[in-house]
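Working notes, structure below.
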Amino acid sequence: DRQTGKTAIALDTIVNQKGKDVICIYVAIGQKASSVAQLKKTLETHGAMDYTIIVNATASDPAPLQYIAPYAGCAMGEYFMNKGRDVLIVYDDLSKHAIA
Numbered sequence: 001d002r003q004t005g006k007t008a009i010a011l012d013t014i015v016n017q018k019g020k021d022v023i024c025i026y027v028a029i030g031q032k033a034s035s036v037a038q039l040k041k042t043l044e045t046h047g048a049m050d051y052t053i054i055v056n057a058t059a060s061d062p063a064p065l066q067y068i069a070p071y072a073g074c075a076m077g078e079y080f081m082n083k084g085r086d087v088l089i090v091y092d093d094l095s096k097h098a099i100a
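Right under this line is the structure:
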């Protein structure tokens with residue numbers, strides 16, 4: 001399942017939420033900092049950072065931080081859900097979470 005474009009599909013999905021009153025949360029687990037910076041730049045280019053939160057636990061961060069990142073993203077999503085908002089959460093990549 002490597003290099004099949006899963007991140008690209010997730011990115012397109014976030015970009016396509018523009019104007020739909022959806023809060024998007026992108027949780028990067030164990031990614032390179034440069035990869036997340038490029039993703040943020042792409043989201044900024046498309047105006048998607050206005051409704052997107054990035055939770056980032058890079059590959060160089062301690063394992064406990066990588067482990068807790070998905071839970072932090074979920075808690076943020078639940079907050080907005082409880083306020084009556086629609087939320088899209090993307091976890092990239094949960095296989096890194098399993099290792100942490």
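The sequence shown begins at 1 in the numbering used here and counts up by one.
All C-beta atoms, glycine included, are put in the ideal place defined by N, C-alpha and C.
Using 8 Å for Cβ pairs, my map puts A10 next to V90. What's the rounded Cβ distance? In the sequence shown, the residue the question calls residue 10 occupies position 10. In the sequence shown, the residue the question calls residue 90 occupies position 90. That pair is a contact at about 4 Å.
Pick helix, strand or coil for D50, following the three-state DSSP scheme. Within the sequence shown, the letter at position 50 stands for residue 50. It is helical.
Would you check if there are 3 or more beta carbon pairs closer than 8 Å linking the segment 63 to 75 to the segment 40 to 51? no
On a Cα-Cα basis, can you pick out the residue from I54, K83, G30 and D93 that is closest to L65? Residue 65 sits at position 65 when you count from the first residue of the sequence shown. Per the Cα distances, G30.
Could you pull the start and end residues of the beta strand (DSSP E) that A28 belongs to? The sequence position of residue 28 within the sequence shown is 28, counting from 1. It spans V22 to I29 - the beta strand (DSSP E) in which A28 sits, taken as one unbroken run.
Between which residues of its own chain and V22 is the CB-CB distance below 8 Å, once the five residues before and five after are set aside? One-based indexing of the sequence shown puts residue 22 at position 22. Answer for V22: Y51, R85, D86, V87 and L88, listed in chain order.
Could you give the first and the last residue of the continuous alpha helix (DSSP H) run that contains D12? For the purposes of this step, residue 12 is identified with residue 12 of the sequence shown, where counting begins at 1. Taken as a continuous stretch (DSSP letters only), the alpha helix (DSSP H) holding D12 covers K6 to V15.
Beta strand (DSSP E) containing D92: first to last residue? Here residue 92 refers to the residue found at position 92 when the sequence shown is read from its first residue. Its beta strand (DSSP E) spans residues D86 to D92.
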